[in-house]
Every structure is written in structure tokens, then in C-alpha cells.
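If you read the sequence shown in my numbering, its first letter stands for residue 23, the second for the next number, and so on.
Think of the CB as a built atom: it goes at the ideal place given N, C-alpha and C, for glycine as much as any other residue.
Down below is the structure, laid out as C-alpha cells.
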Amino acid sequence: LREIRERQPWNPDVLTLLWEIKRMRSLLLRLDQVSCDLRRPTGLMGDIYDELMQQIAVEPCVVERKEWTAEILEAPYKLRKGMGPR
Numbered sequence: 023l024r025e026i027r028e029r030q031p032w033n034p035d036v037l038t039l040l041w042e043i044k045r046m047r048s049l050l051l052r053l054d055q056v057s058c059d060l061r062r063p064t065g066l067m068g069d070i071y072d073e074l075m076q077q078i079a080v081e082p083c084v085v086e087r088k089e090w091t092a093e094i095l096e097a098p099y100k101l102r103k104g105m106g107p108r
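What follows is the structure, encoded as C-alpha cells:
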């Protein structure tokens, strides 16, 4: 997103679209964070909830954040003294 902004810093439409993309990404990431605490509704709403959770899980920004988190939590390249592998 930064690269797009830097290519057209003078264009207010591009800036508006980028802010909207940032807002939507933030919304998806927050929904993914709280999804484990949400209860699945019964009936038709349960099916809609299931579909929503499946769609959220494959959103590029959610997948990207999960990959970053996994990289950060991987075992360090060199274990410190007294540290066992995770």
C-alpha cells in the first residue's frame, strides 16, 4: 500500500481508496482476533456464521498476519544455554 501511495502522492482519490483499504483490513484482522470468543448462533445464522469464519480465515491480510506470527514464534536459530527446543 505504501508503494502505491508513493507512486501517486498527489492523487486524493488514491489516498482515499488506500485509507478505505486500510480500514477494511483492520476490521478483518480485529474480527479474526475475536472470532475464537464468539459463540456460534443456532439455526440459519449458524450457517452464515460458519461461512463468514471460513471467508475470514482465507483473507490475504489474515493469512499474512498468521504467517508473520508463526515466523516470530519459531525457535530461535541459536538456542541459548539451558533452552530446549520448543
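Original post:
If we ignore side chains and look at the alpha-carbon of each, how far apart do E89 and R47 end up?
Top reply: As a first step, residue 89 must be located in the sequence shown, where it is residue number 67. As a first step, residue 47 must be located in the sequence shown, where it is residue number 25. Straight-line spacing of the CA atoms in E89 and R47 works out to 16 Å.
Original post:
Are P54 and I78 touching if we call contact CB-CB under 8 Å?
Top reply: Position 32 of the sequence shown, counted from the start, is the residue given in the question as residue 54. Position 56 of the sequence shown, counted from the start, is the residue given in the question as residue 78. Going by the sequence as given, residue 54 is Asp instead of Pro. For the 8 Å CB-CB criterion, D54 and I78 form a contact.
Subject >> Helix, strand or coil at R62 [DSSP, three-state] >> reply: Residue numbering aside, residue 62 sits at position 40 when the sequence shown is read from its first letter. Coil.
Subject >> Whole-Å CB distance - R27 paired with V36, under 8 Å assumed >> reply: Stepping through the sequence shown from its first residue, residue 27 is reached at position 5. Stepping through the sequence shown from its first residue, residue 36 is reached at position 14. Confirmed, Cβ separation roughly 7 Å.
Original post:
With distances taken from CA atoms, which of L23, E93, M75 is nearest L51?
Top reply: For the purposes of this step, residue 51 is taken as residue 29 along the sequence shown, with counting starting at 1. Minimum Cα distance to L51 is reached at M75.
**OP:** Put V80 into one of helix, strand or coil per three-state DSSP.
**Re:** Translated into positions along the sequence shown, residue 80 becomes position 58. Note: V80 maps to coil in three-state DSSP.
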